[in-house]
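Note that this note's numbering has the sequence shown beginning at 576, numbered continuously upward.
A virtual CB, placed ideally from N, CA and C, is assigned to each residue, including glycine.
Remarks on the structure that follows.
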Amino acid sequence: MAANSFFGRDVISVRDLDRRGLEDVFGAAERVMAMPAAERREVARGRTLGYLFYEPSTRTRLSFQAAMASLGGSSLGISDVASSSASKGESLADTVRTLSIYADALVLRHPLDGSSRFAAEVSGKPVINGGSGTEEHPTQAVQDLFTMRREKGRIDGLTVGIIGDLKYGRTVYSLLRALGNYDVKVHLASPESLRIRSDSVYDIRKRLDFTESEQMDDRVGELDVLYVTRIQKERFPDEEEYIRVKGSYVVGLDVLRRMKKGAIILHPLPRLDEISPELDGTEQARYFRQAEYGMHVRAALLALILREEGV
Ligand code: NCD
576 MAANSFFGRD
586 VISVRDLDRR
596 GLEDVFGAAE
606 RVMAMPAAER
616 REVARGRTLG
626 YLFYEPSTRT
636 RLSFQAAMAS
646 LGGSSLGISD
656 VASSSASKGE
666 SLADTVRTLS
676 IYADALVLRH
686 PLDGSSRFAA
696 EVSGKPVING
706 GSGTEEHPTQ
716 AVQDLFTMRR
726 EKGRIDGLTV
736 GIIGDLKYGR
746 TVYSLLRALG
756 NYDVKVHLAS
766 PESLRIRSDS
776 VYDIRKRLDF
786 TESEQMDDRV
796 GELDVLYVTR
806 IQKERFPDEE
816 EYIRVKGSYV
826 VGLDVLRRMK
836 KGAIILHPLP
846 RLDEISPELD
856 GTEQARYFRQ
866 AEYGMHVRAA
876 LLALILREEG
886 V
């Protein structure tokens, strides 16, 4: 078997993952999912994941913890910064250094762009970016592509619509970057003030064709995947501006009826009002399955990072 290129490595940006790397994680996730529980519990037995979350999280942190537990490992960390020495003024560097003494790998979520890259420099152990500012959320993108692959059977050839807060939503930047490895068509739709930051996608433009508009309406019938995102209220410098765009797009039954047969709806979650709950029980709604795949994909990544022989 070829060497496992993830062993001991940081995962900071989707730029660190080319198509081959993505396919390696997908393959590992498939294998992890197929493993009997008893075998899966041997994969990271006795190993520890350290988590450090300076921003709220439900799925990212819990799926990492569930993943580590399913591999027979344990996790420890800080999710309530107010209860840690960070509240006494301890630096991110010292906090990361300390956690890297107690754990075999770290996952960090932090409001600053560049925070994970910085943490990787001071950490003695591999660092996984669990969300850095408005910049990136690489494991979410791996999870998103894995979901498309599982639910649509392929990624090449898909037409993907992405709607929502494209300005502040970090999952979007990681997703676009990851999709740039495949032959896909992408349509973006957002209120004018929440358009994608062009300076952050100049490199993506070279590898990925995408259109931009204020509405997805004309395109809904073409889509294989509709990826919906939340308006990132906490990142608005001006509350007035948030109030202006709040509720400006809602995916409801009317949208679903115009989607083509076999099309699916994804969302990184949390969802507020941008997807109507009446869609939850429909064939097209795959966002909770996406959350489930997140755990398996993260288990696969952890197995690859922690074990030279991979999984
Ligand atoms: C996302 C995030 O934190 O960027 N959440 C997640 O990890 N699934 C999306 C969001 O908060 O809207």
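message: I'd like to know whether the C-beta atoms of A874 and V607 end up nearer to each other than 7 Å.
response: yes
- prompt: Any chance the CB of H712 is under 6 Å from a heavy atom of the ligand NCD?
  reply: yes
task: Starting from the Cα of Y802, find the closest Cα among I818, F811, P845, R819 and give me that residue.
output: P845
Test item: CB-CB of S887 and L683 under 7 Å: Not covered by the structure: residue 887. The range shown for the chain is 576 to 886.
task: Starting from the Cα of T786, find the closest Cα among R810, Q807, G744, T734 and give me that residue.
output: T734
Start-end ranges of the beta strand (DSSP E) lying completely within the region 743-813, minimum 3 residues: List check, beta strand (DSSP E) in window: 760-764, 784-788, 800-803.
message: Distance check for N704 and F693, CA to CA, integer angstroms please.
response: 11 Å
- request: Check H871 in the structure and name its three-state DSSP category.
  value: helix
message: In the DSSP output, which residue or residues are listed as bridge partners for S707?
response: H685, E711
- prompt: Does at least one heavy atom of the ligand NCD sit under 6 Å from the Cβ of P686?
  reply: The answer is no for P686.
task: Please confirm whether any heavy atom of the ligand NCD lies closer than 6 Å to the CB of G706.
output: yes
query: Between T709 and the ligand NCD, is the CB less than 6 Å from at least one heavy atom?
result: Within 6 Å of the C-beta of T709 there is not a single heavy atom belonging to the ligand NCD.
message: For the structure I just gave you, are there three or more beta carbon pairs, one from the region 742-755 and one from the region 707-717, closer than 8 Å?
response: yes
- request: With a threshold of 16 other CB atoms inside 10 Å of the CB of K781, please say whether the residue is buried or exposed.
  value: In this structure K781 is exposed. Its beta-carbon is surrounded by fewer than 16 other beta-carbon atoms within 10 angstroms.
query: Which value, in whole angstroms, describes the spacing of the CA atoms of I840 and Y626?
result: 30 Å
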